[in-house]
Amino acid sequence: MKLVKLFFYLLTITTLSFNQVMGQGFEEKFFPNLPLVKNSDLISVDLNNDGQQDIIIAGEDASGSWLLQALQFDGSQWVNRSNGLTAVHHPKLNSFDIDKDGLFDLLVCGQDGLGNGIVTVYKNLGNGNWSDITNNLPQLSQSNGLFGDFLMNGNNGLLLTGLENGTAVTTYFTYQQGDNWVENQINLPAAYNAEMLAFDADGNGTLDIFIGGNNSFGGLLSQIYLNNGKGNWTPASTSFATLTSQNVKLADINRDGRLDIIQNGFGSGGLSITKLFLNLASGWVETNWDIPQIAGGDLTFSDFNANTYQDITITGVDNDGNKQTYILFNDGTKFVDSSIALSDISAGKILVTDWDNDQNLDLILTGETYVGIKSIPYNNIQNEIQPIVNSPSNLQSVTTQNNVEISWDNVDTAIGYDILLGTSSGNYDLYQGNVNSLSKKIRFQPYTYVNRLNLFELQEGKYFLKVIASGSNHQISSPSDEHEFTICDKPDLGEDITVCSGVDFSLSEGTVNDVVVWSTLDGNQLGQGKSLTISLLATTDIEVAITKPLGCTVKDTIRVNILELPIVDIEDQQLCFNSTTQLTVTGDWQKVRWFEKGIEAPIEEDNWFIIIDVIETKEYVAEITNHEGCISYDTTKVEMITLPEFTLGEDIEICEGNSVMIEIENLNVFETIEWYSNFSGKLENDNQLTYQQNIFSDETFWVKVTSLEGCEFSDTINVNKLALPEFSLGGDISICENEVVNFNIGEASDKIEWYLKSTGKVSDNNEYTMTVTEDDSLWCVRTNALGCVWSDTIYVEKLKLPEFDFPEKVEVCFQNEVTLNVDGDWKSTLWFDIHGKPLTEESSKNYTFTVTDNAQVIVKVTSWQDCITFDTVDVEMIPLPIAKAGEDKSICTSQSVKIGANTNSAYTYLWIPSNGLSNENIAQPIANPKSTTTYYLKVTDTKGCMSVLDSMTVFVNEFYSVNAGIDQEICKGEGVELGGYPIVEGGENNYTFSWYPAEGIDDPNVSHPMVFPDKTTEYIVTASLGDCISHQDTVKITVRDLPTITISEDVAIGYKGETTLEAKGGKYYLWMPDYNIDQPNIATPTVNPEVTTTYTVRVMSEFGCSSTKSVTVHVGNEIFIPNLFTPNQDGKNDLFLVYGKGVKSISIKVTDQQGALVYSSDNVNDIMSVGWDGKMGSKELPSGTYFWKINGIYEDGSEIRFKGNNTGTINLLR
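Under our numbering, residues 25 to 1238 are what the sequence shown spells out, in order.
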């Protein structure tokens, strides 16, 4: 389907302004329901097709809230038509009739309060209602969008730029019925924060794109991309200014019929820049037309002074930081100041629209002025006489296939033209210029700027066209007279074709409504109708002539070249069953395919021969294709001859050594018979029907029979030798007496018989276990399932076991040795415990060990014939008697004491030494030593077992002195150990201790207690030994107080700020943490923490006692600006000060309600310490509301804002 390639660029013209002034030719109006916004966007559309321009406004109001409203002017006020619209932050607006229902729809790009991207398309439902049709569109941040048919396929689409998950993208979606969006390949560079324009930059009738913003690497781009069609683009050679926060607009500045570009924004170093690029015949040229360097606002075009040249309205901030608003008149070579005074404004938008429908273009400015956020409508009261724009005349058209060029006489007062185009008279259903002869459409941008127009790739049919001229102030003419032209599609039979002789081919052209005639060039008619099917024997030129309902006849010709068919001949064959033959096609061919006659699928796809296995009579077809692609066929018959039929029967199994008989069955007639085997080759048995042979191995026999027709047939029979069930019982064996020997023969299916010489048949099982009690012979007979038999015999000799004497039980004292012995001559004697653990590493007739418990010892004796006998002895352990010398005793000099604790009178006792004892051979003697003595006791029981020695000591008083330790000093709250080392001198006895006073002592009855005194104290220790003499000593513990610390209060500082901390009360100081501090070991360090930090100081006295205390330094950027001060000299709130912390630089301007500057400063100390006293010079200003604006940064580089704003009010009250 061929489409009309048309495009229509809707240019939004906006304006910005803010001071309540009466400009020359403009009167400021006030509407209470017109929202006051900054950071805004503003467009003008006719929302309900009533011929009057409405507006859509979006932005941020003074409270920081964001809004989006569609407003309709009813002659006295703005009426809200915003049902269904949702506000976004930092909005960008665009409008287009995306669904072609005659109502302008709305695109809103922005973000939510968390910075997430928002892209929303609203369908205009009429009557102030909107429907969200965004559906699957991506939600991009820092985005912008542009409507248009950028693929030039007749479908409206949406071009989007922005960030998707932090990655720059440029994507294009076409709109489908049902409010669906389909993504298309667009091949434009990724961008965000972008301004975009669509226009025909190179005059070739396609829609090109200007993109200015950030590229995918975060750098800047500013480029025109020329549309090559199908989503492919070429960058134009011209480079434009790379700016931030830029505005880019189109207008024919010099009236040469080509759209020019004007840019403004911030350049390197934050400079405000405005540039003009003229679109000349030689290319784009940067031109200086005396345009002021302003950025951070908006710019737009309109002819305010009626000289047919486009004037410019521009707002923003100049390079001195001052807000500016200009209307500049265009005299054809430069811009000059119009002297029209409008409010200076920035951070907003300009809208040019005839909102009061008086046929004069008005202004609406939004943004931020020196006195706050404003939205100011200006009524155009210039009443300039606009030149009359006459209707275009003398329309002409020239068609070339599906393209047409339309021209008309030039209208002197026109700056451009638009068209109405349709497929029937008065019905302009293909394209309308969105104009109305009774109204000025601010969204009307002429389609062409010269008096001609090219339309490309039109569909066949009649077309009806009118042209409308547009003046410099957006006034338009009435449409021209209607012009009619016709487009007829030329038939296209395509390239010449080549077909094979006699093969049908088809041609098709035209429609069912056309009269189509097919003929040769010599006039021989071949057929009529849309399609022609024919075969030819010679090369022929065919012509088609189509007469269309539109009245035109068009023709096309095609040559049909004829190729000859291939010729082959394949002979028939007669062959024996199951033989093989080759069918062959001779010659040089492109392809040969083979088929079995009657079957559609080929048996060989591409080969000049096939191999056939003859199993039945069949016919085969060869399809031969020559190198020109022509095809012919040949058929051949392969007749099958039947083989002689007979059989040797089934394969045979026979036991080894038996004879087999083989017989030919069912053979009646034959020419010859030949017998063969795999061992002997050809057998001497020609022309015999039977053959007999003994079988000793597997063997294969076969017979070849030749029929009377010479066909051979063979059959084979396998004679499988059945192996005998061979086995072996092994050689004769010798077995120890009473041991067993196991035998296992054959399979479960075998018949097994076991026999002993002494007893006869003993078992019919596969397994047999024989217990050896005498010499004997054993034999076995095995018969398998096939009846084959095998047998074997073995002789079994009995061997005697070793015999020896061994005790049943022995008794041994605990820890005494015992030796066990085995007599006789044996191969080995091994010893084990009851658990089988070896007790000796090598063979030994004797085993000696120490007895510690009852035990059983096993001996394993092996004869020289390897017969084994085991025997066991019980070893009973006799426990040793226990010697009880008793507890140690303490006595004073010349005293005596009974010692010992044994009572068994049957035991024998011995005390060593005997000094000082009444009897050394009794259990409990009386001891009276002269000095401390240790006594040892040995006891022997009735079986001669002797005890282990036991001892006790008799201490005789040898006490000399006690040591309480050295005097010590401690800090309050600490503990210390009392008592010297050793604490008692003169002997090691069982002393008792007592400390006084007991307060603060963990245990006053131990030798070295811990004490925790809260004051200086002397402690007395008493050491005693039984009833003997006691001794005392004293120690002094001096307690030192901890230092009392005085520390500075918690403090708050700004980022990168510093403060001095102070502590008192000690001799030495240490602050922690020790980073961001100049000297952590002094009493008054200076700190500069980057985050809120708690510092702890440890203070130490001259005695080494220490304590700690902490102070917190709060870090953060803060600013506070009061809303009232009273400069009445009462010493209270007399100054307007800015309060805060973390401030690096700040400036402030204060203006009155007329915008006059009354106070300003950029000195931090003046603003935050000195302040404003409510005077302008020496003059006291009256009470009232004043407006302030601040600029500045914190130490961390962030911008200073108070409650999110840099503007506000201060009330002066006297």
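In this text, a Cβ means the ideal position worked out from N, Cα and C, and glycines have one as well.
Euclidean distance between Cα positions of lysine 464 and asparagine 381: A caution first: lysine 464 carries a pLDDT of 32, below 50, which makes its placement in the model unreliable, though a value can still be read off. The straight-line gap from Cα to Cα measures roughly 8 Å.
Cβ contact check for the region 927-946 and the region 870-880: 3 or more pairs under 8 Å: Here the region 927-946 makes no contact with the region 870-880; the two share fewer than three CB pairs at distances below 8 Å.
Cβ pair cysteine 804, isoleucine 902 closer than 7 Å: No; because the gap between Cβ atoms is not below 7 Å, this pair is not in contact.
Counted within 10 angstroms of its Cβ, other Cβ atoms place threonine 266 as buried (16 or more) or exposed: By the neighbour-count rule (16 or more Cβ atoms within 10 Å), threonine 266 is buried.
Three-state class that DSSP yields for valine 376 in the structure shown: DSSP places valine 376 in strand when its eight states are reduced to three.
Residue from Gly999, Glu733 and Glu689 whose Cα sits closest to the Cα of threonine 714: Comparing Cα positions, the closest option is Glu689.
Distance, lysine 490 Cα to proline 259 Cα: If you take the alpha carbons of proline 259 and lysine 490, they lie about 35 Å apart.
Methionine 1192 - DSSP class collapsed to helix/strand/coil: In this structure, methionine 1192 counts as helix in the three-state DSSP scheme.
Whether threonine 968 touches alanine 947 by CB criterion (7 Å): A small correction: the amino acid at residue 968 is glycine; threonine does not occupy that position in the sequence shown. Cβ atoms of glycine 968 and alanine 947: not closer than 7 Å.
Nearest to tyrosine 1099 (by Cα), restricted to the options Ala1107, Glu1114 and Thr1108: Of the listed residues, the one whose Cα sits closest to tyrosine 1099 is Glu1114.
Cβ shell of glycine 47 (< 6 Å), same chain only, five flanking positions each side left out: No answer about glycine 47 holds up, because its pLDDT of 39 lies below 50 and its placement is not dependable.
Check whether glycine 526 and serine 559 have beta carbons under 7 Å apart: Cβ atoms of glycine 526 and serine 559: closer than 7 Å.
Per-residue DSSP class, three states only, for glycine 172: It is a strand residue.
Cβ pair glycine 440, serine 370 closer than 7 Å: No, the Cβ-Cβ distance between glycine 440 and serine 370 is not below 7 Å.
Alpha carbon of threonine 1175 to alpha carbon of glycine 293, nearest angstrom: Taking the straight line joining both Cα atoms gives about 28 Å.
Through-space distance from proline 1006 to cysteine 916, alpha-carbon basis: Computed Cα separation, rounded: 22 Å.
Aspartate 65 vs lysine 373 beta-carbon contact at 7 Å: In this structure, lysine 373 lies closer than 7 Å to aspartate 65 by Cβ.
Through-space distance from leucine 1049 to threonine 876, alpha-carbon basis: Cα atoms of threonine 876 and leucine 1049: separation of roughly 43 Å, rounded to the nearest angstrom.
Close-in-space but distant-in-sequence residues of the same chain around tryptophan 814 (CB under 7 Å, 5 per side omitted): Only Leu748, Pro749, Glu750, Phe751 and Arg806 meet the Cβ criterion.
Contacting residues, own chain, Cβ-Cβ under 6 Å from valine 743 (five flanking each side not counted): Ile676, Val684, Ile719 and Glu723, listed in sequence order.
4 or more residues per run - each alpha helix (DSSP H) lying fully within the region 235-291: Counting whole runs of 4 or more residues, the region 235-291 contains no alpha helix (DSSP H) stretch at all.
Distance, proline 503 Cα to leucine 462 Cα: With a pLDDT of 30 at leucine 462, under the threshold of 50, the modelled position of that residue is not reliable, and the figure given next carries that caveat. About 11 Å.
Cβ contact (3+ pairs, closer than 8 Å) linking the region 158-165 and the region 84-91: At 8 Å Cβ cutoff, the stretches do not touch.
Continuous beta strand (DSSP E) stretch holding glutamine 552: start and end: 549-552 is the span of the beta strand (DSSP E), which, as asked, contains glutamine 552.
contact_flag[the region 1147-1165, the region 1085-1104] where n(CB pairs < 8 Å) is 3 or more: Contact between the region 1147-1165 and the region 1085-1104 is absent, because fewer than three Cβ pairs lie under 8 Å.
Contact the region 1059-1067 vs the region 992-1000: 3+ CB pairs below 8 Å: Between the region 1059-1067 and the region 992-1000, the count of C-beta pairs closer than 8 Å reaches three or more; the two stretches touch.
Helix, strand or coil at glycine 1232 [DSSP, three-state]: Here glycine 1232 sits in strand by DSSP.
Distance between beta carbons of glycine 237 and leucine 250, contact taken as under 8 Å: Taking the Cβ atoms as the reference, leucine 250 lies roughly 19 Å from glycine 237, outside the contact range of under 8 Å.
Sub-7 Å separation of lysine 11 and glutamate 680 beta-carbons: There is simply no residue 11 to check, as the chain begins at 25 and stops at 1238 in what is shown.
Beta-carbon proximity check, leucine 95 vs tryptophan 102, cutoff 7 Å: Against a cut-off of 7 Å, the Cβ pair of tryptophan 102 and leucine 95 comes out as a contact.
Anticipated Cβ contact below 8 Å, isoleucine 582 with aspartate 520, distance rounded: Right, the Cβ-Cβ distance comes to about 6 Å (below 8 Å), so this counts as a contact.
Pair within 7 Å by beta-carbon distance, leucine 283 and alanine 222: The Cβ atoms of leucine 283 and alanine 222 lie no closer than 7 Å to each other.
Rounded Cβ spacing between leucine 58 and serine 494 (contact assumed at less than 8 Å): The distance from the Cβ of leucine 58 to that of serine 494 is about 29 Å, inconsistent with a contact at the 8 Å cut-off.
Tyrosine 196 and leucine 183 closer than 7 Å at C-beta: Against a cut-off of 7 Å, the Cβ pair of leucine 183 and tyrosine 196 comes out as a contact.
Exposure of glutamate 219, with buried meaning 16 or more beta-carbon neighbours within 10 Å: Buried is the call here.
Burial state of phenylalanine 235, where buried means 16 or more other Cβ atoms lie within 10 Å: The identity of residue 235 in the sequence shown is isoleucine, whereas the question assumes phenylalanine. Buried, since its Cβ has 16 or more Cβ neighbours within 10 Å.
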